[in-house]
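Colleague:
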Amino acid sequence: MTAKQVRAQYTQEFKLEAMRQVRAGQAIAVVAKVLGIPKASLGNWVRLAAKGPLSGAGDADKAARVSPEQMEIARLRAEVARLRMERDIAKKSRGVLRAGHAARYAWIHQMRRQYPVSISCGVLEVSASGYFNWLIRPQQDLAGRPGGRHSDEAVLAHIRAIHVQVKGEYGWPRMHKELLARGIRVGKDRVRKLMQQHGIKARTKRKFVVTTDCDQPEEGWQAHAPRRQVRGGLKVNRGAVEAAFRAGA
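Be aware that the sequence shown starts at 18, since it is given in our numbering, and climbs by one per residue.
Right, here's the structure in full:
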């Protein structure tokens with residue numbers, strides 16, 4: 018007989034902390050994964066909080082309180098989820114650390130819906146304040162540029178981040194399409210020149226090269242040898258061949 022499944026209960030403080038992270042810009046799915054709670058529950062808290070304060074007073078609040086053991090389990094789950102995220106971020110962002118701060122910020126921005134900004138900043142060794150300053154700076158730069166043109170530094174940062182993300186598979190044509198898909202309006206020639214100037218190019222696959230000619234005898238074949246080597250590695254005695262030829266004649 019299976020034991021009856023007990024629905025997890027969370028304190029008012031726990032719910033408020035979860036919703037604070039969502040209001041800070043993190044996706045509900047990301048916060049739920051980090052804290053080890055169902056995504057549907059967190060979404061429900063956010064919707065209820067938008068209508069008014071969450072209920073938590075009186076007997077209902079007392080019934081919702083969890084034991085220290087349950088809180089410890091929730092904390093350990095959140096810690097495990099965080100360590101897994103740090104491992105995945107380090108694996109997927111391999112190479113960005115050598116590309117400079119701007120490329121790291123661009124990578125963090127592109128992956129912000131999958132990983133919390135704070136965790137990505139910690140793994141990539143940049144500050145969250147630096148990331149948000151970088152996020153505001155392009156908007157300020159665009160306001161003073163004719164036609165809202167992105168600076169070369171901003172475009173290059175996005176190119177480097179994408180280059181790492183796709184593991185070097187994109188040349189400038191596909192890179193240009195990817196930039197447009199991400200809302201970065203830039204010309205083809207500019208993308209090509211920036212990639213050429215900074216040595217960013219697609220990883221080429223080595224083609225199979227035939228090193229032997231199957232229609233030619235092997236190099237080891239020698240006419241003067243008493244035993245002649247022919248195609249396929251078969252060796253034939255010269256004297257036996259000549260004797261058979263004379264007998265047939």
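Backbone N, C-alpha and C define an ideal beta-carbon position, used for all residues, glycine too.
Out of M128, P133, D169, which has the shortest C-alpha to C-alpha gap to S110?
Modeller: M128
Colleague: V63 to I153, Cα distance in whole Å?
Modeller: 27 Å
Colleague: My output table needs one value for R37: the three-state DSSP class, helix, strand or coil.
Modeller: helix
Colleague: Considering only residues of the same chain and omitting the five flanking positions on each side of V140, which have a CB-CB separation below 8 Å?
Modeller: E103, I106, A107, S110
Colleague: Short of 7 Å in beta carbon distance, which residues of its chain neighbour A98, apart from the five on each side in sequence? Order them along the chain.
Modeller: K50, V51, G53
Colleague: Alpha carbon to alpha carbon, what distance is there between A119 and R162?
Modeller: No answer about R162 holds up, because its pLDDT of 48 lies below 50 and its placement is not dependable.
Colleague: Look at the alpha carbon of G216 and the alpha carbon of P85, and state the distance between them as a whole number of angstroms.
Modeller: 56 Å
Colleague: Rounded to whole angstroms, what's the CA-CA distance from R14 to Y148? Just pull it up for me.
Modeller: The structure shown does not extend to residue 14, since the chain is modelled only from 18 to 266, so the question has no answer here.
Colleague: Looking only at its chain, what residues have a beta carbon closer than 6 Å to the beta carbon of R209, apart from the 5 residues adjacent to it on each side?
Modeller: W189
Colleague: How many Å lie between Q22 and L33 at the Cα?
Modeller: Summary for Q22: the model assigns pLDDT 42, below 50, so the residue's position carries little reliability, and this model does not support an answer.
Colleague: Going by DSSP, what residue range makes up the alpha helix (DSSP H) through M212?
Modeller: 205–214
Colleague: Let's see if you can read the secondary structure: which residues bound the alpha helix (DSSP H) around G42?
Modeller: It is not in any alpha helix (DSSP H) - G42 carries neither H nor E in the DSSP assignment.
Colleague: Apart from the five residues on each side of it in sequence, which residues of its chain come closer than 8 Å, Cβ to Cβ, to G75?
Modeller: Residue confidence is low: G75 scores 40 on pLDDT, short of 50, so the model does not pin down where it sits. Its coordinate-derived value is still stated next. Taking C-beta separations shorter than 8 Å and ignoring five residues to either side along the sequence, G75 has no partners in its chain.
Colleague: Which residue comes first and which comes last in the alpha helix (DSSP H) that contains V8?
Modeller: Nothing in the structure corresponds to residue 8, since the chain is present only between 18 and 266.
Colleague: Starting from the Cα of V172, find the closest Cα among W124, L65, S146 and give me that residue.
Modeller: Closest option to V172, Cα to Cα, is W124.
Colleague: Using the rule of at least 16 other Cβ atoms within 10 Å of the residue's Cβ for burial, across every protein chain shown, is L59 buried or exposed?
Modeller: buried
Colleague: Which residues in the same chain have their Cβ closer than 6 Å to the Cβ of G73, if we skip the five residues on either side of it in sequence?
Modeller: Note that G73 scores 48 on pLDDT, short of 50, meaning its location in the model is unreliable and no value can be drawn from it.
Colleague: Would you mind sorting Q213 into buried or exposed? The rule is 16 or more other CB atoms within 10 Å of its CB.
Modeller: With fewer than 16 other Cβ atoms within 10 Å, it is exposed.
Colleague: Between the alpha carbons of F31 and E96, how many angstroms are there, rounded?
Modeller: 15 Å
Colleague: Tell me which same chain residues have a C-beta within less than 8 Å of the C-beta of Y122, skipping the five on either side of it?
Modeller: Excluding positions up to five away in sequence, the list reads V143, G147, Y148, W151, L152, A174.
Colleague: Kindly list the residues whose CB is nearer than 6 Å to the CB of R94, restricted to its own chain and excluding five residues on each side of it in sequence; keep chain order.
Modeller: By the criterion of a C-beta distance shorter than 6 Å, R94 is surrounded in its chain by G53, once the five residues flanking it on both sides are discounted.
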